[in-house]
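Enquirer:
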DNA sequence: CGAAGCGTTGAAAATAATCAAGTCATGTGG
DNA sequence: CCACATGACTTGATTATTTTCAACGCTTCG
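Chains as they are written, first to last, in this note's numbering: chain A, 5 to 236; chain B, 5 to 236.
#1: For residue 48(B), decide whether its Cβ has a neighbour in chain A, counting only Cβ atoms nearer than 8 Å.
#2: Could you run through the segment 90 to 115 of chain A and flag, in chain order, every residue whose CB is less than 9 Å away from some CB of chain B?
#3: Which of the three DSSP states, helix, strand or coil, is assigned to residue 220(A)?
#4: Can you name the residues that DSSP bridges to residue 74(B)?
#5: Indicate whether at least one CB of chain A lies closer than 8 Å to the CB of residue 146(B).
#6: What are the uninterrupted segments assigned as beta strand (DSSP E) that are 3 or more residues long and contained completely in the segment 22 to 107 of chain B, given in chain order?
#7: Quick one, which of 136(B), 197(B) and 214(B) has its alpha-carbon nearest residue 173(B)'s?
#8: Given residue 92(A), which residues of its chain have a CB within under 6 Å of its CB, disregarding the five upstream and five downstream residues?
#9: My output table needs one value for residue 233(B): the three-state DSSP class, helix, strand or coil.
#10: So, is residue 204(A) buried or exposed, given that buried needs 16 or more other C-beta atoms within 10 angstroms?
#11: From 184(B), 176(B) and 133(B), pick the residue whose C-alpha is nearest to that of residue 18(B); which is it?
#12: What number of angstroms, rounded off, separates the C-alpha of residue 144(A) from the C-alpha of residue 26(A)?
#13: Looking at the structure shown, is residue 172(A) part of a helix, part of a strand, or coil, going by DSSP?
#14: Under 8 Å Cβ-Cβ, which residues of chain B neighbour residue 149(A)?
#15: Are the CB atoms of residue 42(B) and residue 103(B) nearer to each other than 8 Å?
#16: Kindly identify the DSSP beta-bridge partner or partners of residue 214(B).
#17: Quick one, which residues of the segment 63 to 88 of chain B are near chain A if we go by CB-CB under 7 Å, in chain order?
#18: Do you know offhand how far residue 118(B)'s Cα is from residue 80(A)'s?
#19: Since residue 177(B) sits in a beta bridge, which residues does DSSP pair it with?
#20: What does residue 136(A) reach in chain B if we use C-beta pairs closer than 7 Å?
#21: Sort 126(A), 68(A), 72(A) and 55(A) by Cα distance to residue 94(A) and report the nearest one.
#22: Quick one: residues in its chain with C-beta nearer than 6 Å to the C-beta of residue 35(A), no 5 flanking neighbours on either side, listed in chain order?
#23: In angstroms, rounded to a whole number, what distance separates the CA positions of residue 168(A) and residue 33(A)?
#24: In the DSSP assignment, find the unbroken alpha helix (DSSP H) run with residue 19(A) in it and report its ends.
#25: With three or more C-beta pairs closer than 8 Å as the rule, is the segment 122 to 130 of chain B touching the segment 47 to 66 of chain B?
#26: Mind checking who residue 205(B) pairs with in its DSSP beta bridge?
#27: Between which two residues does the alpha helix (DSSP H) harbouring residue 138(B) extend?
#28: For residue 183(B), name the three-state secondary structure that DSSP assigns.
#29: Under 8 Å Cβ-Cβ, which residues of chain B neighbour residue 140(A)?
#30: Counting along the chain, where does the alpha helix (DSSP H) carrying residue 193(B) start and finish?
#31: Tell me which same chain residues have a C-beta within less than 6 Å of the C-beta of residue 128(A), skipping the five on either side of it?
#32: With distances taken Cα to Cα, identify the nearest neighbour of residue 237(B) among 157(B), 74(B), 219(B) and 220(B).
#33: For residue 55(B) and chain A, any beta-carbon pair shorter than 8 Å?
#34: Relative to chain A, which residues along the segment 154 to 165 of chain B have a C-beta separation below 9 Å, given in chain order?
#35: Buried or exposed for residue 15(A), going by 16 or more other Cβ atoms inside 10 Å?
#36: Determine the DSSP secondary structure at residue 227(B), reduced to helix, strand or coil.
See below:
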């Protein structure tokens with residue numbers, strides 16, 4: 005693993021306390037995983053034996069029911085660590101991970117991670133920090149799901165995605181993701197049809213510009229307003 | 005703090021690795037907090053400066069929106085530790101905690117906990133374990149909320165409560181909690197009315213016996229069936 | 001005894017899901 | 001390079017579910 009990787013790792017909250025040298029060893033111990041769009045990294049229920057770091061691309065964490073209904077738990081981009089708990093305990097992954105776009109990841113086996121945590125107990129506190137942050141976000145989303153109507157939730161989903169994955173587009177803030185309406189629905193907890201109707205409506209109103217696997221936010225203020233309180 | 009408390013703490017997953025002596029010191033360092041039914045322990049947004057252990061009673065963790073809508077995140081009984089993260093980092097509580105019944109709790113300030121974690125880094129791993137388990141449960145509930153109809157969710161809520169707080173009752177499995185229909189609704193993500201209707205229906209069908217702040221499960225099998233797939 | 005809190009139930013309304021039938025791009029193979 | 005198959009998206013009509021609003025009965029407790 006090269007210097008480039010090492011620099012990327014320096015941006016990871018888990019490893020902030022590490023010395024230059026340790027970081028280099030870590031980069032060297034990592035395995036490089038590459039996945040094309042739609043390819044799987046691991047499935048829910050698989051033994052959780054590796055911790056992953058996203059170098060580039062987007063990873064979708066999702067859960068599927070017996071009935072085949074899918075819910076997207078998170079969409080993670082560049083410079084994100086996930087499956088941290090795999091480094092601490094022998095369990096199974098609680099979600100499946102798939103690449104949404106071609107992605108490069110670094111990963112470490114549990115034994116390597118466990119050894120690192122043994123040498124640097126303070127890193128476990130960092131790991132806790134990461135998990136606690138995810139917990140808080142999930143609690144917020146749970147709360148939204150329980151109390152808000154679909155349009156409000158969808159607005160918030162878009163704002164969250166914009167925050168994490170937005171970049172300047174032709175006329176506004178473009179979501180740098182190739183999300184289908186189905187994906188949007190699964191992120192929001194609704195159906196493909198309802199999501200489509202709402203997106204169409206907002207496009208007509210000039211709030212969004214949307215297309216095939218593409219959403220661009222034109223009027224951020226209006227969207228934020230919709231996120232706060234449903235329309236009259 | 006006395007020997008009784010010390011024994012109670014021995015049952016805590018966080019402290020399993022501790023020596024007898026450390027456990028005694030821990031019990032001594034603890035503060036005893038008592039709360040009557042409905043009394044508050046801390047509010048969402050308060051500085052998170054104490055970690056709590058439930059000696060007896062039930063604690064409700066909930067979130068409230070600006071509009072006053074409440075969602076119950078968890079109902080915790082005896083022998084549960086919560087607000088673990090307060091021992092690791094300076095943050096604010098992400099939820100409010102209230103006693104549902106008269107409760108006795110032990111608590112420790114952040115500095116005490118931090119010192120303990122410093123002496124015993126392996127405890128941080130235990131703490132992570134506890135948080136990860138909560139995370140998994142929340143992910144499951146999130147998934148249910150997104151994909152299942154109200155009756156199925158309510159059935160699962162009851163089964164979860166029975167698992168954690170059930171004890172043999174007159175004719176079945178009694179939930180050892182004084183939950184109102186409102187509480188049940190907030191746990192399930194629905195309204196007081198819908199929850200009431202469903203509980204009434206199941207009582208008529210002989211699956212439950214319900215009353216004022218009381219639910220007893222008479223036909224566990226039927227409830228499990230309802231949790232799996234909605235009625236025809 | 002009275003008030004407050006908790007629970008139930010009916011009727012109406014709103015919301016979202018479902019079903020069905022399209023259109024429109026996109027990219028692929030002929 | 002074009003035809004076509006596929007996947008993505010849209011939209012209307014219908015249906016189901018759930019919420020909302022309103023009214024009332026029963027307990028429990030002060």
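Yeah, the Cβ is synthetic: ideal placement off N, Cα and C, and Gly gets one too. This one's a predicted model, so the numbers in the text were calculated from it and none came from an experiment.
Expert: On the basis of the supplied data:
#1: no
#2: 92, 93, 95, 98 and 99
#3: strand
#4: 68(B)
#5: yes
#6: 35 to 39, 44 to 46, 54 to 60, 63 to 68, 74 to 80 and 100 to 103
#7: 214(B)
#8: none
#9: coil
#10: exposed
#11: 133(B)
#12: 36 Å
#13: strand
#14: 146, 149, 150 and 193
#15: yes
#16: 219(B)
#17: 67, 69, 73, 75 and 77
#18: 31 Å
#19: 172(B) and 221(B)
#20: 89 and 135
#21: 55(A)
#22: 111
#23: 29 Å
#24: No alpha helix (DSSP H) holds residue 19(A); DSSP gives it neither H nor E.
#25: no
#26: DSSP output for residue 205(B) lists no bridge partner at all.
#27: 126 to 151
#28: coil
#29: 98
#30: Residue 193(B) -> no alpha helix (DSSP H), and no H or E assigned at all.
#31: 121
#32: Outside the displayed range of chain B (5 to 236) lies residue 237(B), so it cannot be described from this structure.
#33: no
#34: none
#35: exposed
#36: helix
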